[in-house]
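Asks: Below is the structure I would like to discuss, written out as structure tokens.
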Amino acid sequence: MRQSIQSRPGFKINAVSSGFTKTDLNHHRGTEMVEDAGKHIVKYALIDNDGVTGKFFCEETNPETGEIPW
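Shown next, in the form of structure tokens:
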């Protein structure tokens, strides 16, 4: 049976971009190191129970708040 997010208190779903990261996939042309990109992902993965849900974040595109309109 499928459950909605509203029935799962404390469960958050957000999308996070790690930015243009230097990897083998882009022949290391990215502007950000993997370690720094990982910090963005961890920051939003550890959002607390009062945090937002249903948002898209990219701190590379919006350094002030990170939030990007869908």
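Numbering-wise, the numbering used here puts 10 at position 10 of the sequence shown, and it's gapless, one number per residue.
The beta carbon of each residue, even a glycine, is placed where N, CA and C say it ideally should be.
1. Which first and last residues belong to the alpha helix (DSSP H) in which E35 is found?
2. For M1, does the three-state DSSP call read helix, strand or coil?
3. In angstroms, rounded to a whole number, what distance separates the CA positions of F57 and G19?
4. How would you call A45, buried or exposed, if buried means at least 16 neighbouring beta carbons within 10 angstroms?
Replies: Short version:
1. Note, E35: alpha helix (DSSP H), V34 to A45.
2. No answer about M1 holds up, because its pLDDT of 42 lies below 50 and its placement is not dependable.
3. In this structure, the straight-line span from the alpha carbon of F57 to that of G19 is close to 10 Å.
4. Per the 10 Å Cβ criterion, exposed.
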